[in-house]
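Chains as they are written, first to last, in the numbering used here: chain A, 1 to 292; chain B, 293 to 584.
2 protein chains.
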Amino acid sequence: MIIKNICILGAGTLGSRVALQAGISGFNVTVYDIQQKSLDFSLTTMQKILRQLHKSGQISAGQDLEVLSRIKFTLSPSEAVENADFINESVTEEADIKKKVWRQFGEIAPEKCIFTTNTSYMLPSMFAEDSGRPEKFCAFHFHDVFYSRVVDIMPHPGTDPALIPILEDLGRKLNQVPVLVKKENPGYIFNTMLMALIGAAGKLLTGEVASIEDIDRSWMVNFHMPMGPFGILDSIGLDTAWHVTHKMPDRASQAFAALLKSYLEQGKLGEKSGQGFYTYPNPTYKEQDFVK
Amino acid sequence: MIIKNICILGAGTLGSRVALQAGISGFNVTVYDIQQKSLDFSLTTMQKILRQLHKSGQISAGQDLEVLSRIKFTLSPSEAVENADFINESVTEEADIKKKVWRQFGEIAPEKCIFTTNTSYMLPSMFAEDSGRPEKFCAFHFHDVFYSRVVDIMPHPGTDPALIPILEDLGRKLNQVPVLVKKENPGYIFNTMLMALIGAAGKLLTGEVASIEDIDRSWMVNFHMPMGPFGILDSIGLDTAWHVTHKMPDRASQAFAALLKSYLEQGKLGEKSGQGFYTYPNPTYKEQDFVK
């Protein structure tokens, strides 16, 4: 099967990035959302990224217009899926909304179309039946598309195995490194490990073993990385981290979720609110003498 | 208190590296071991590292001889501690041996001397009383001295708090980033987080969620790191990793320890034996197309 036409459902941050990469890779792209202002935001996001990619020499002058000419925006479901070979859904991370979207698009999408969800923490089996074509349904999960170029391919038990090599090939064409999640796992591969790391950091902090700064310092200096677990948490958003950790049953996760909640109650959401474990835009961990 | 004379107990890999850095930083150093062949190994190790440091421009021509002129090697305990201001102990990671060493050196060390242990997974309170001067006793734990430049300062409940700023200052003079472990914690700060990461990776593998390669790929590409958890395990040594994980009571750690044991029973210890999760000297994760 040859994929030419890609439909992106949901014009948020991640959907827009996937759509833009698809345009850069030469696919015909349609971006669908229920609100015009989301589509406007999506175009602005793409233009901003294109400027950065031009600055860093990853695309040439004039290529931006060529890329954008391949990307259409629409509020019409039928226009969105017209002749689509592939759908990647990035709508709001709520099961009921995703189920509704898949019931709607499963009815009108062309028969050839492959269905994928870009959910961060839910499982494809939660929506596969709603789409009406569970055998054509799989998770296809991006990280941030341009810096962290991993795409998780995670089938549910009813996915046709013939889909896997097609999705691996598509992932490579989208400039990603495809990895196979052989059975359904919330958090795929990377997020599972990242959460374990962050959980251990949280336990060191709530157990009063070490300070935020010394925990991050240990990670940064040992691994020569630009940030440690608390810097990473600030960039993910403390609200997002709380959503994941507060559902975990073990005592350490519960203690950490309680800590995150105390930050959230003070309006500290991380980098986006100007305050989290560090203060932005100039957090101490970015200062030169932080690791001296 | 001014530290000038440093005594290193145990001329293994880590002890030799600490001694060499102390020599580079201008301290007078005495390296003690019970075997002449260990002292010979230590000198060879230092000469090898000095050649690398010269190659990479970190020390100038001729500086190597100057550094080595400050480092003495001895089989005599009394010579080792003569006029010592500071002891860092890196002997075999067995509680009985460490206790015996501290009983011996606690008796003969000058009264001014600060006592520190470089233990990886034990606690300073296990040997503090043996030294006869628990208030002068603290953990002072290096990672690899030259690439990973973190030193953990971990007091036990009886450590004199006045020791902490002295050790922080010494850490900086030894070109390390000092971090304070406010209460005793096996694995200090970094190793606690690393073990959580490796445990999560092990769970993904033993749970058949993903392959060794895809787990490492996810970590490497998302964080732009040169190796993933299994590459790291191979470089740590599967025997060392087994020693840590097989004592942990949770089911995931037990499953992972069992996996490690199956490798060890085949003689696969990681990089040092030529075979671990990958095959050395040319593991696939170092190939250019591994992350494509």
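Note that the Cβ used here is the ideal one computed from N, Cα and C, for glycine as well.
Quiz item: Given that A11/A touches chain B, what residues does it touch there, using C-beta distances under 9 angstroms?
Solution: Here the premise fails: no neighbours, minimum Cβ distance about 24 angstroms.
Practice problem: Let me know if G354/B comes out buried or exposed under the rule of 16 or more other beta-carbons within 10 Å of its beta-carbon. | Solution: exposed
Quiz item: Tell me which same chain residues have a C-beta within less than 6 angstroms of the C-beta of F73/A, skipping the five on either side of it?
Solution: If we look at F73/A and ignore the five residues flanking it on each side, its Cβ neighbours are V31, L39.
Quiz prompt | Whether P186/A touches L123/A by CB criterion (9 angstroms) | solution = yes
Quiz prompt | Contact set for A257/A: own chain, Cβ-Cβ below 8 angstroms, skip 5 residues either direction | solution = Non-local beta-carbon contacts of A257/A in its own chain, meaning distances under 8 angstroms to residues more than five positions away in sequence, involve W242, T245, H246, M248 in chain order.
Quiz prompt | Start and end residues, beta strand (DSSP E) containing N477/B | solution = Annotation: N477/B is outside any beta strand (DSSP E) and is labelled neither H nor E by DSSP.
Quiz item: Under the three-state reduction of DSSP, which class applies to I108/A: helix, strand or coil?
Solution: helix
Quiz item: In chain order, what residues of the same chain have a beta carbon less than 8 angstroms from the beta carbon of I326/B, not counting five sequence neighbours either side?
Solution: L367
Quiz item: Quick one: is S90/A near chain B, going by C-beta distance under 9 angstroms?
Solution: no
Practice problem: May I have the straight-line CA-CA distance separating G424/B from K203/A, to the nearest angstrom? | Solution: 33 angstroms
Quiz item: From which residue to which residue does the beta strand (DSSP E) around D444/B run?
Solution: 442 to 447
Quiz item: By the 10 Å Cβ neighbour count, where 16 or more other Cβ atoms means buried, how is Q313/B classified, buried or exposed?
Solution: buried
Quiz prompt | Contact the stretch 387 to 407 of chain B vs the stretch 261 to 270 of chain A: 3+ CB pairs below 8 angstroms | solution = Flag = no, the stretch 387 to 407 of chain B and the stretch 261 to 270 of chain A do not touch.
Exercise. Check whether the stretch 453 to 466 of chain B touches the stretch 152 to 164 of chain A, counting contact only when three or more Cβ pairs, one atom from each stretch, lie closer than 8 angstroms.
Key: No, the stretch 453 to 466 of chain B is not in contact with the stretch 152 to 164 of chain A.
Exercise. Would you list the one or two residues that DSSP bridges to C287/B?
Key: Limits of chain B in this structure are 293 at one end and 584 at the other, which puts residue 287/B out of reach.
Quiz item: Cβ of Q350/B within 8 angstroms of any heavy atom in the ligand ATP?
Solution: As far as ligands go, the structure on display features none, and thus does not contain the ligand ATP.
Exercise. Could you please give me the residues that DSSP links to T30/A through a beta bridge?
Key: C7/A, K72/A
Quiz item: Is the CB of V244/A under 9 angstroms away from at least one CB in chain B?
Solution: no
Quiz prompt | A139/A and G199/A closer than 9 angstroms at C-beta | solution = no
Quiz item: Does the distance from the CB of K183/A to the CB of G499/B come in under 9 angstroms?
Solution: In contact: K183/A and G499/B (Cβ atoms closer than 9 angstroms).
Self-check item: Secondary structure of V383/B, DSSP reduced to three states
Solution: coil
Quiz item: Using the beta-carbon of each residue, which ones in chain A are nearer than 7 angstroms to T451/B?
Solution: In chain order: nothing, as chain A lies at least about 15 angstroms away.
Practice problem: Under 6 angstroms Cβ to Cβ from T240/A, same chain only, skipping five residues before and after it: list those, please. | Solution: none
Quiz item: On the three-state DSSP scale, how would you describe G276/A?
Solution: coil
Practice problem: Under 7 angstroms Cβ to Cβ from L552/B, same chain only, skipping five residues before and after it: list those, please. | Solution: L530, A533, W534, T537
Quiz item: Which bits of chain A does A502/B rub up against, with CB to CB less than 7 angstroms?
Solution: V179, L180, V181, K182, I189
Practice problem: For the alpha helix (DSSP H) containing H243/A, list its first residue and its last residue. | Solution: 238 to 245
Self-check item: Assigned secondary structure, V67/A (DSSP; H/G/I helix, E/B strand, else coil)
Solution: The answer is helix: DSSP assigns V67/A an H, G or I state.
Quiz item: Under 9 angstroms between C-beta atoms, does D234/A make it to chain B?
Solution: no
Quiz prompt | Alpha-carbon to alpha-carbon, E374/B and I298/B | solution = 10 angstroms
Exercise. Using a Cβ cut-off of 9 angstroms (strictly closer), state whether H435/B contacts chain A.
Key: H435/B counts as touching chain A.
Practice problem: Find out if the Cβ-Cβ distance for the pair T408/B, F438/B is shorter than 9 angstroms. | Solution: Contact flag unset, no.
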